[in-house]
Amino acid sequence: MKAAMPSRSPQHEERQTRYGYRVRVRYAVIGEDNVAVPSHLYKVILARRSPDSTEPLALGAFVVPNEAIGFQPQLTEFQVSLQELEKLSGLVFFPHLDRNSNITNICSVDTCRLLDFQEFTLYLSTRKIEGARSVGRLEKVMEHLKNVGIKPDDYFLSRYERKLQELKTQEQSGSPGGKLKTQEQPGTPGGKLKTQEQPGNPGRKPS
């Protein structure tokens, strides 16, 4: 979830009038349509281990600035109350929730720990494995980890080896994805086209 929200920063101007405090909030816009750039991002989580669990619901609301925060801050530093977030965003979350019931702070049942640099890099690198379309591109993912001094974990290595075998099989067949190739046959009147099955694709019948 995203929203442009006021903050105690140069974007936030406040002055006292005879009617109380007047607040002015300024924020950036982008594009020809002047789309507002969120100053902050928020997320609200309401969780239970399973639908049949008798444990109390766990609730957490977080607001982070729309900028790089690095790896030093703790997630709990950005935790706010649900009431405060509703006031800032102008929204009502979980309107059918009985707020007088036994609701637990989500950070008391979960670590609420942000990934460190190594964990975050491994996470992104694992996602890049799935997007690799050649052995060379895949090898660059592994090379990057070595350059930044991060040792791949077992999960990363298993995904890497599986993708490597998949790409090698595709390259050996000469037909990535098992696609069929259409060729024009010499000497066929009217320039008719004939579909031929590519080697390495057994069982695939041309249509």
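For the sequence shown, the positions run 207 to 413 when this note's numbering is used.
Note that CB positions come from ideal geometry on N, CA and C, so glycine has one too.
Rounded to whole angstroms, what's the CA-CA distance from methionine 211 to glutamine 289? Just pull it up for me.
-> Since pLDDT at methionine 211 reaches only 49, below the 50 mark, its modelled position is unreliable, and the value read off the structure follows with that caveat. Those two C-alpha atoms are separated by around 15 Å.
Minimum length 3: unbroken beta strand (DSSP E) runs contained in the stretch 307-369 | 309-311
For phenylalanine 284, name the three-state secondary structure that DSSP assigns.
-> helix
Quick one: what's got a C-beta closer than 8 Å to valine 354's C-beta in the same chain, skipping five residues either side?
-> Thr327
Among Leu344, Leu263 and Ser340, which one has its Cα closest to the Cα of serine 331?
-> Leu344
Proline 257 versus glutamine 278 - alpha carbon distance = 35 Å
Collapsed DSSP secondary structure at leucine 291 in the structure displayed = helix
Where the beta strand (DSSP E) through proline 271 begins and ends | 263-271
Indicate, with yes or no, if the ligand FMN has a heavy atom lying under 8 Å from the CB of threonine 327.
-> Inclusion of the ligand FMN in the displayed structure is not the case, the ligand content being empty and no account of it being possible.
Coil, strand or helix - leucine 247 by DSSP = strand
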